[in-house]
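Below is one structure, written out as structure tokens, with a few remarks after it.
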DNA sequence: TCTGAACTTGTCATGTTATTACATATCGCC
DNA sequence: GGCGATATGTAATAACATGACAAGTTCAGA
């Protein structure tokens, strides 16, 4: 773990705040590199570049948006190129799919096992990641009561982010 | 276990339990009819039939699966027919969309304002609906901390339903 | 260093899910 | 009947995703 997470982010990756974006990208790429090296999995140029694209945009991107960028750079032009890289990133915990948007976003907590939850702003499309505890709450209760064994959860809240609430154009 | 199930009725899902399916359909259709009458909105033949289809199957159906049935019955053959009816049902609380599956399911609590949550069995595709309380739990905390205003939540758990856990064919 | 197995990428084709646009029909009301 | 609002019919296309197979790359072990 790096000694200091970017200063403004002290509140635990709330995600709607400004932050040191350059170092956030560098950190995440470095982390991914180290994790892949440690696990003996290949962090190829396309995979790396796709993660970098997601980190740069810092919002949810559709597979075809990613593909457009790859194509511009000569890194591939057919859908499977993008989907395969995205699948790799998702499977290894470097990115998540936002089901509601059919789109992908870089993970805010790479290398940590976690059940992600998202807040999606319907005005500006910003997406913030946080954590959830699926076993808790009503769903956990219902699952226990029904004898349902939870393996994975999708938790996505749509609403209005603080910046858009403040802006005049509500 | 008697394996003399009559086609649609084997694994059904308010919980994941068997129930009186015929009356469940009748009840839900009647309820929808009454609500529409009370609200002055039109419960047209296509809309009624689509809800009936969802209730009969009692699982999540893709829009094109619904459309296939409509086509067989001469109720329409182009995608917008199905999508419009489904949109109507979702907007009026008679059905929900399961984002994870890109599919639709009849609502288990029509006429009540509620934030639905779903348990999706990855073995048999059964889907059970329960309620969630978005404002509670980690996500609620994060939203309050971030100043994010939740308008709607998607909460879908994938896992194994009790019937599939018991079955030898794991 | 060669070689073969495992993995990754390139490419074409296709499948699946969803919407836009506009014409026509129906409903409720005056 | 005539009008506005709502709903349906239809064609076309957009957006999202996968299957199949060939070719290239990596890397451990002979």
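Protein chains in written order, with my numbering: chain Z, 1 to 170; chain F, 1 to 170. Idealized CB from N, CA, C, for every residue including glycine. Every value quoted in this text rests on a predicted model; they were computed, and no experiment measured them.
Starting from residue 132(F) and walking both ways along the alpha helix (DSSP H), at which residues does that stretch end? The count along the second chain starts at 1 and reaches residue 132(F) at position 132. Per DSSP, residue 132(F) belongs to no alpha helix (DSSP H); it is in the beta strand (DSSP E), 127–132.
Under 8 Å by beta carbon: chain Z residues contacting residue 117(F): Position 117 of the second chain, counted from the start, is the residue given in the question as residue 117(F). Neighbours of residue 117(F) on chain Z, chain order: 138, 139 and 142.
At the level of alpha carbons, what is the spacing between residue 151(Z) and residue 40(F)? Working through the first chain from its first residue, we reach residue 151(Z) at position 151. Working through the second chain from its first residue, we reach residue 40(F) at position 40. If I take the Cα positions, the gap works out to 43 Å.
From residue 155(F) to residue 96(Z), what distance separates their C-alpha atoms? Taking the second chain and counting its residues from 1, the one referred to as residue 155(F) is at position 155. Taking the first chain and counting its residues from 1, the one referred to as residue 96(Z) is at position 96. So the alpha carbons of these two residues sit roughly 15 Å apart.
Inter-residue CB distance, residue 103(F) and residue 61(F) (contact presumed, cutoff 8 Å): As a working mapping, residue 103(F) is identified with position 103 in the second chain. As a working mapping, residue 61(F) is identified with position 61 in the second chain. With 8 Å as the limit, residue 103(F) and residue 61(F) qualify as a contact, their Cβ atoms being about 6 Å apart.
I'd like the span of the alpha helix (DSSP H) that includes residue 197(F), first residue to last. The structure shown has nothing for residue 197(F), since chain F only spans 1 to 170.
In this structure, does DSSP put residue 76(Z) in helix, strand or coil? Within the first chain, residue 76(Z) is the residue found at index 76, counting from 1. Residue 76(Z) falls in the coil class under three-state DSSP.
Go through its chain and collect everything with a Cβ distance to residue 33(F)'s Cβ below 7 Å, but skip five positions before and after it. Indexing the second chain from 1 puts residue 33(F) at position 33. 43.
At a cut of 8 Å, does the region 81–88 of chain Z reach the region 120–137 of chain Z through at least three beta carbon pairs? For the pair of segments examined, the region 81–88 of chain Z was found not to touch the region 120–137 of chain Z: the number of CB pairs separated by less than 8 Å stays below three.
For the alpha helix (DSSP H) that residue 31(Z) lies in, which residues bound it at each end? Along the first chain, read from residue 1 onward, the residue named residue 31(Z) stands at position 31. It spans 21–39 - the alpha helix (DSSP H) in which residue 31(Z) sits, taken as one unbroken run.
For chain Z, find out if any of its Cβ atoms is closer than 8 Å to the Cβ of residue 127(F); answer yes or no. Along the second chain, one-based indexing puts residue 127(F) at 127. Closer than 8 Å: no.
According to the Cβ coordinates, are residue 57(Z) and residue 100(Z) closer than 8 Å? Counting from 1 along the first chain, the entry for residue 57(Z) is found at position 57. Counting from 1 along the first chain, the entry for residue 100(Z) is found at position 100. Their beta carbons are not under 8 Å apart, which means residue 57(Z) does not touch residue 100(Z) by this criterion.
Work out the CA separation of residue 105(Z) and residue 149(F) for me, nearest whole Å. Here residue 149(F) corresponds to residue number 149 of the second chain, with the count starting at 1. Here residue 105(Z) corresponds to residue number 105 of the first chain, with the count starting at 1. Rounded to the nearest angstrom, the two C-alpha atoms are 21 Å apart.
Please check the pair residue 89(F) and residue 51(F), which I expect to be a contact at CB under 8 Å, by giving their CB distance rounded to whole angstroms. Along the second chain, one-based indexing puts residue 89(F) at 89. Along the second chain, one-based indexing puts residue 51(F) at 51. Correct: roughly 6 Å between the Cβ atoms.
Per-residue DSSP class, three states only, for residue 104(F): Walking along the second chain from the start, residue 104(F) turns up at place 104. Strand.
Just to make sure I have the definition right: I need the residues of chain Z whose C-beta is within less than 8 Å of the C-beta of residue 165(F). Which are they? Within the second chain, numbered from 1, the residue matching residue 165(F) stands at position 165. Correct list: 147 and 149.
Sub-8 Å separation of residue 132(Z) and residue 29(F) beta-carbons: Position 132 of the first chain, counted from the start, is the residue given in the question as residue 132(Z). Position 29 of the second chain, counted from the start, is the residue given in the question as residue 29(F). Not in contact: residue 132(Z) and residue 29(F) (Cβ atoms no closer than 8 Å).
Mark residue 47(Z) as exposed unless 16 or more other C-beta atoms lie within 10 angstroms of its C-beta, in which case mark it buried. Against the first chain, residue 47(Z) aligns to sequence position 47. So residue 47(Z) ends up on the buried side.
Could you name the residues of chain Z that residue 104(F) contacts, counting a contact when the two beta carbons are closer than 7 Å? Taking the second chain and counting its residues from 1, one reaches residue 104(F) at position 104. Chain order gives no chain Z residues near residue 104(F), where near means a beta carbon separation below 7 Å; the closest approach is about 14 Å.
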